[in-house]
Each structure stands twice: as structure tokens, then as C-alpha cells.
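Going by my numbering, the first residue of the sequence shown is number 107, and it counts up by one from there. Heads up, the beta-carbon is just placed ideally off N, CA and C, and yes, glycines get one too. Only a predicted model underlies this, so the values are computations on that prediction, with no experimental measurement involved. Report on one structure; see the data block that follows.
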Amino acid sequence: MYSRAPMTQTNNPTTWHPASWQTREASQQPLYKDSARLEETIAQLGKLPPLVTSWEVEALKSQLAAAQRGEAFLLQGGDCAENFDECSSDNIVQKLKILLQMSLVLVVGLKKPVIRVGRMAGQYVKPRSADEEIRDGKALPSYRGDLVNRLPFTAEDREPDPALMLRGYERAALTLNFVRSLIDGGFADLHHPENWDLDFVGKSPMSAEYHKLVQSVSDSLEFFESVAGDALHTHRVEFYTSHEGLHLPYEQAQTRFLPHRERWYNLTTHFPWIGMRTADLDGAHVEFFRGISNPIGIKIGTGASNEQLQGLIHLLNPCNEPGRLALITRFGAKHVDEHLPRMIQAVRGTGSQVLWICDPMHGNTETTAKGYKTRRFDNIVAELQAAFRIHDEAGSYLGGVHLELTGENVTECIGGARGLKESDLARAYKSQVDPRLNYEQAMEVAMRIAGQLNSPE
Ligand code: PEP
Ligand code: CO
């Protein structure tokens, strides 16, 4: 099937192909009972058109290279996990609105181009701490996300079903189609930021500050256009997608050799990342990722050693290609000072360039006495603040932020301008996985970054 000798990122180009990960230990994979059906589904998926193109992927890579050089900033955000039911017009529009609003705040505050990447159109699979879930003495496969199985605790629902990969591909395509139409139709045009107002924005404590900022952008646009005598083409906003490349059969199925580039691309998304639990040097995920030409991220936690980090850089970006590799650090506010400086030095020792991104969410998760998984706004800001400071002190550049957020008015994280308390969590807690910043909290994070993280007055 893969007869052409592929050129890959690696020093050993002939041994890689989209299924070569299968010779390695693959953690966090569902166990499909019917392997013939799994193979059929992979073949079927492989025949369907790609979700993204290599032109877009390469355009993003060159923007990420600019972020590595300190000339741009990446905003990456979305749900912890998307689910098929929430693939709705409202949901997609709200997520796009919050990301566009945040990016506007960042552009103005940082005075740099902002690269917008959604955790969307494919974020359907989650790593789990155990393969099985036990309730009342009954053990069933853990729910791994809508691409794999279904949430209700019945044997039938929890059985991994290959057909769900096709449903996920379709949902991702529907999401992307709508996002592209909105953007092409002028929804993201800076001349009309009122398009992005969400119903409840008016009531937000952030509202006045945000509208002041929008007004100043409109005034500047008007000024430039009157000087230039022409309209600026501000509707040409670019928006990219990303998801954790966890489910290897799905990722493999849409990975293609493009003869005009002589390289392999994973065309399910622009920017896949390797999760913290699957970044073993000898593991299947690293094997798969080393052969694709997309820009890629790796989640890095406190458990990563300097040697592992250097090994990952060597395997995944041996040619030191600009824009190729992003390290998404997620230590927690308490641990960032202990681990980030040593990692910056370890990376420096390789002579390789990476894009440093801070994920201030996943190291700051806690569970309340009532059993809610939550995160404190103050810890999120504290980790971000520390990451900016540490990079600065080391002469390095923090080029992006990775957030779990939603445009909805949920109550999943504690704190923020409205002072959400633990007792508020029950009111609108919707996530089945990790807690997300709600609209106001997300805007507040953007404003704090734009103001270089000083506390508001
Ligand atoms: C996630 O991004 O939702 C996630 C599971 O992160 P990590 O791999 O960093 O734990
Ligand atoms: Co998460």
C-alpha cells in the first residue's frame, strides 16, 4: 500500500510509514474486538477527502516559526473534549467568537500578530487513567471519547465501535465547513467586531474594558484607511485546528504522501499534539509523529526528564526545521519554578529551536469535596505569570498559551472577576472531562496577558 520510499522528518527515512507505529507499544488505545471491521474503517477513512490541506499546514508552520522567533503569539484554545451532540451552530459560533475576541485583545496588548488555533474539529478522544471503569462491582471499558465509544454505563455503549471514527470525521468536517464559511463570509472582519458579542457580554464585569478596546481598534482602522484611501482587508483572518493525536488508527487513516511536496502529512488537522501520557521515546505515538510533516506539539509535565526532552527533540525534529516543534508545558503553579528553567536549559543544549507554549490548565486541576473537578483562576494566572517571567529571565520567549475554554456561561473554574466560588460550581457545570474557563474568565486571562499579567485595578 505504501510503496513509494517516503521522505520523512527522520534520519532513517525508509523505516517509517503511517502504520509503522503498530510495531511499538501503543498506550491509551481502545481494544477493538473486530479487527477486520477496524481495518475496513481505516481503509474507508483513507479514501475520504482530507479535512485540511498541506498549504494550510505549511502556512501555519511558517507562522509558528515566526512565534518561535518572538515575532508572533499563539492562542490555542477550546474544549477539553468535544462531543458529537455539541456539534451545533451555537456552539461553534460561540467558540469562534470568544477566540476572536481574545485574539483581538492580545493583538492590541502584545502588538504582535496572533495565531489562532482551536482545540476543535477533532478533539474527540481522551486519555484515561484506567482501561476499565468499575461501578457496583461491574467492570466495563472506560469511556474514551465519542470517537471511540459512548458514555452511558452499559456493555453495549462502552464497546469501542470503529464506525464512530467515521462519525467523528464527519463532525470534524461539518465543524470546519462552518468555521471556514463564517470566516470567509466576513464574520471575523475587524470592521465588525459587534458580530462577536455574545448575549451575556453586556452583563460582564469585563464588558466596559473590552468595548473600550474595540473602539480603539475601530478608530485606528478608520485612521489607517483614511490615510491609505482604501479599506484594509481585515476580514482575511486565519483560523487553524488542533487536537491531541491520541487515537492512532484515526490519525493513520488520513495520513498521506503528497508527491508535490515529497512528504507525509496528517490531514485530519493542522496542528496535532502528543499528550503527556503518550510521549514515551519508544512509544507508538512518537513513532507516528516523527514521520508526519505537520507542525506538532508535545505536552510536557513535571515527570519529563531533561534526557527525555532532548531525545524527543532529536527524534521529532532532527533537521531543526523552523515551526516544526512546540513544547506545551503544564506543570502547575506550584511546580513551574522547579521545572521550567531546567527544561529551557536542556532544550538550549540541543541547539534546536522550539516554540514554548504554556498550558496553565492541566497542572492546576483539583477535585472539590463534592467531587467536582475544578481549577482556580488564580493558579492559572500564577502559572502563566511565572512562565512569562522564567522565559524572560532565561532570555527565552514564551510564544503562546494553550487554554481549555468555552464561549458558554458555565461554572467549572473557581475565581475570576465575578468571583465564582466552590458553591457556584453546581449551577452550570457541563464538562464531562476537564473544567473550562467560561467566557468571562477566558477574556480576563486574555486581558491579563495583554497587560503583561498585572493585576487589574
Ligand atoms: C488535555 O489537553 O486535555 C490533556 C489530557 O492534557 P495532558 O496530556 O497535558 O494531560
Ligand atoms: Co483537558
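Using a Cβ-Cβ cut-off of 6 Å (strictly less than) and excluding sequence neighbours within five positions of residue i, which residues of its own chain qualify?
i      : result
Tyr108 : Residue placement at Tyr108 is poorly supported in this model, since its pLDDT is 40, which falls under 50; the coordinates still yield a value, given next. Result list for Tyr108: His123, in chain order.
Pro299 : Val320
Ser133 : Thr384
Phe394 : Trp127 and Leu354
Ser310 : Glu546
Pro541 : Lys479, Thr480, Arg481, Glu518 and Cys519
Arg277 : Phe190 and Cys193
Val220 : Phe179, Leu181, Ser209, Leu212 and Val213
Could you tell me if residue i is buried or exposed, where buried requires 16 or more neighbouring beta carbons within 10 angstroms of its beta carbon?
i      : result
Val333 : exposed
Asn117 : Unreliable positioning characterises Asn117 in this predicted model, as indicated by a pLDDT of 44, which lies under 50. The coordinate reading is nonetheless provided below. Exposed, since its Cβ has fewer than 16 Cβ neighbours within 10 Å.
Thr114 : Only weak support is given to the placement of Thr114: the predicted model assigns it a pLDDT of 47, under 50, and the question is left unresolved by the model.
Gly477 : exposed
Thr480 : buried
His366 : exposed
Pro266 : buried
Gly501 : exposed
Pro573 : Outside the displayed span of the chain (107 to 563) sits residue 573, for which this structure offers no information.
Asp465 : buried
Asn485 : buried
Thr474 : exposed
Measuring alpha carbon to alpha carbon, tell me which of the options ends up nearest residue i.
i      : options                           : result
Ser160 : Glu368, Gly389 and Leu490         : Glu368
Val539 : Leu490, Tyr230, Ala493 and Ile198 : Tyr230
Phe329 : His297, Gln451 and Tyr316         : His297
Thr384 : His366, Ala410 and Ser324         : Ala410
Thr517 : Ser537, Leu253 and Gly224         : Ser537
Arg234 : Gly417, Gly251 and Pro428         : Gly251
Glu350 : Val323, Ser326 and Gly381         : Gly381
Ile463 : Leu504, Gly389 and Thr456         : Leu504
Asn301 : Lys309, His317 and Ser310         : His317
Tyr275 : Gly407, Lys139, Thr474 and Phe190 : Phe190
Asn412 : Leu490, Glu192 and Arg448         : Arg448
Asp303 : Thr473, Gln200 and Arg264         : Gln200
Ser287 : Gly407, Glu344, Gln491 and Leu170 : Glu344
Gly429 : Glu177, Glu145, Asn485 and Glu489 : Glu177
Asn426 : Met549, Gln491, Ile402 and Leu280 : Ile402
Ala279 : Gln360, Ala173, Glu550 and Gln491 : Gln360
Met312 : Glu192, Thr473 and Arg524         : Arg524
Leu144 : Asp386, Tyr356 and Ile406         : Tyr356
Asp443 : Leu490, Asn197, Thr473 and Arg454 : Leu490
Tell me which same chain residues have a C-beta within less than 8 Å of the C-beta of residue i, skipping the five on either side of it?
i      : result
Asn400 : Val163, Lys167, Tyr371, Asn372, Thr375, His376, Phe377 and Pro378
Glu563 : Confidence in Glu563 is poor, its pLDDT being 48 and thus under 50, which makes the residue's placement too unreliable to answer from.
Thr456 : Gln416, Ile419 and His420
Ala314 : none
Asn255 : Pro136, Pro247, Tyr249, Asp263, Arg264, Glu265, Pro266, Asp267 and Leu270
Asp140 : Pro268
Arg241 : Phe259
Are residue i and residue j touching if we call contact CB-CB under 8 Å?
i      : j      : result
Val460 : Ala432 : yes
Ile434 : Ile404 : yes
Leu205 : Leu180 : no
Ala236 : Ser248 : yes
Glu514 : Tyr545 : yes
Leu212 : Ile555 : yes
Pro268 : Thr147 : yes
Arg222 : Tyr346 : yes
Gly557 : Arg130 : no
Leu157 : Ala227 : yes
Leu446 : Ala488 : no
Val323 : Leu202 : no
Glu358 : Ala165 : Rather than Glu, the amino acid found at residue 358 in this sequence is Gln. It is not a contact, given that the beta carbons lie outside the stated cut-off.
Leaving out the 5 sequence neighbours to the left and right, which residues in its chain are closer than 7 Å to residue i when beta-carbon positions are compared?
i      : result
Gln150 : Leu272
Glu238 : Ala245, Leu246, Pro247 and Ser248
Arg225 : Gln182, Gly183, Gly184, Asp185, Ser348 and His349
Gln547 : Phe483, Cys519 and Gly522
Ala452 : Asn412, Leu415 and Gln416
Leu282 : Leu157, Ala227 and Thr347
With respect to 7 Å, is the separation between the Cβ of residue i and the closest non-hydrogen atom of ligand 3 below this value?
i      : result
Glu510 : No copy of ligand 3 appears in this structure; the ligands present are ligand 1 and ligand 2.
Can you check whether the C-beta of residue i is within less than 8 Å of a C-beta belonging to chain B?
i      : result
Arg454 : Here chain B cannot be found, since the structure has a single protein chain.
Quiz item: Counting Cβ pairs, one atom from each stretch, are 3 or more of them under 8 Å apart for the segment 283-294 and the segment 372-380?
Solution: No: the two stretches stay apart, fewer than three of their Cβ pairs being nearer than 8 Å.
Quiz item: Any chance the segment 494-510 sits against the segment 176-196, with 3 or more Cβ pairs inside 8 Å?
Solution: Contact between the segment 494-510 and the segment 176-196 is present, with at least three C-beta pairs closer than 8 Å.
Exercise. Evaluate the contact criterion for the segment 528-546 versus the segment 213-220: three or more CB pairs, one atom per stretch, below 8 Å.
Key: As far as the Cβ criterion goes, the segment 528-546 does not touch the segment 213-220, which means the pair count is below three.
Quiz item: Below 8 Å, can you find three or more Cβ-Cβ pairs linking the segment 469-489 to the segment 438-451?
Solution: Between the segment 469-489 and the segment 438-451, the count of Cβ pairs shorter than 8 Å is three or higher; the stretches touch.
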